[in-house]
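Undergrad: Quick one: this structure, given as structure tokens, is what I'll be asking you about.
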Amino acid sequence: EGRSGAASPAGRLAVHAPDRPFDRCRALEGRDRLHPLRALRPALPDGGDDDGKIQLRGDSRVSVVIHKAPETRRSFLTRITGGLIGAGVLASLWPLFRSLVPNVRYEPPSRFKIGSPELFQQGVTFLDEQRIFLFREGNSFHVISAVCTHLGCTVKFSPFNRVMEMIVRKLKVRLSGEFRCPCHGSKFRGEGTNYAGPAPRPLKWHPIEIAPEDGQLLVDISREVDREFRLVV
5 EGRSGAASPA
15 GRLAVHAPDR
25 PFDRCRALEG
35 RDRLHPLRAL
45 RPALPDGGDD
55 DGKIQLRGDS
65 RVSVVIHKAP
75 ETRRSFLTRI
85 TGGLIGAGVL
95 ASLWPLFRSL
105 VPNVRYEPPS
115 RFKIGSPELF
125 QQGVTFLDEQ
135 RIFLFREGNS
145 FHVISAVCTH
155 LGCTVKFSPF
165 NRVMEMIVRK
175 LKVRLSGEFR
185 CPCHGSKFRG
195 EGTNYAGPAP
205 RPLKWHPIEI
215 APEDGQLLVD
225 ISREVDREFR
235 LVV
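Here the sequence shown is numbered in the working numbering, starting from 5 and rising by one per residue.
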């Protein structure tokens, strides 16, 4: 009740509301029939309202609810399989990528300058980056490695309260301290001789000279010298 209908010439049923003019419903009979969703498409805004409803002509509102189809077991397995295949392809191509990059190890040079002789005070100077100890007694210089002969840790120099004279390897030497390894407890006398702990060999002595081009001290850690070696400038 409240609605009336009349068959159109094309066999369609024109539906109108009592509060709307009958002529308006009759005017709709001449339009082509569209699919319901296609008929709504021109009236739909880009994003709709925040409440999920879309404003159409007049005061009517249409609620649009979109349900996402649940993921099936087959689609889940397909995605997992695709991911595994992709990972396998990348793993197989990794050696190729590595071959394109040169395998270069950047190491400090074995010969390097440490500065002019007048820059260094009397006594012991530790050069952290080069891992060496520079000893100066007057105008005499010599270099001892800071690399422990056990496992390569950096030894520390522990000074004495006073300079001591000792006979080491039949040589009379003046010692101002000793070397100690903080890793495993190895100990070395002030001229490098190992006497305690697991270190199997003495600390290395390296040659030092004056660079002819600029007069700086030049150290070569690729070579060793005897403990009698001294550079006098």
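Every residue gets a Cβ at the ideal spot worked out from N, C-alpha and C, and that includes glycine.
Check residue 159 in the structure and name its three-state DSSP category.
TA: coil
Undergrad: Is the beta carbon of residue 203 closer than 7 angstroms to that of residue 157?
TA: No, the Cβ-Cβ distance between residue 157 and residue 203 is not below 7 angstroms.
Undergrad: When you compare only the Cα positions, how much space is there between residue 91 and residue 76?
TA: Distance from the CA atom of residue 91 to the CA atom of residue 76, rounded to whole angstroms, is 23 angstroms.
Undergrad: Tell me the DSSP bridge mates of residue 196?
TA: DSSP output for residue 196 lists no bridge partner at all.
Undergrad: Which value, in whole angstroms, describes the spacing of the CA atoms of residue 36 and residue 81?
TA: Because residue 36 sits at a pLDDT of 49, beneath the cut-off of 50, its placement in the model cannot be relied upon, and the point is left open.
Undergrad: Taking the alpha-carbon positions, what's the residue 162 to residue 131 distance?
TA: 15 angstroms
Undergrad: Got a sec, what are the start and stop residues for the beta strand (DSSP E) residue 127 sits in?
TA: 127 to 131
Undergrad: What distance in whole Å lies between the Cβ atoms of residue 221 and residue 145, which are believed to be in contact at a cut-off of 8 angstroms?
TA: Confirmed, Cβ separation roughly 7 angstroms.
Undergrad: With 16 as the cutoff for other CB atoms within 10 Å, does residue 206 come out buried or exposed?
TA: buried
Undergrad: Reducing DSSP to helix, strand and coil, say where residue 147 ends up.
TA: Strand at residue 147.
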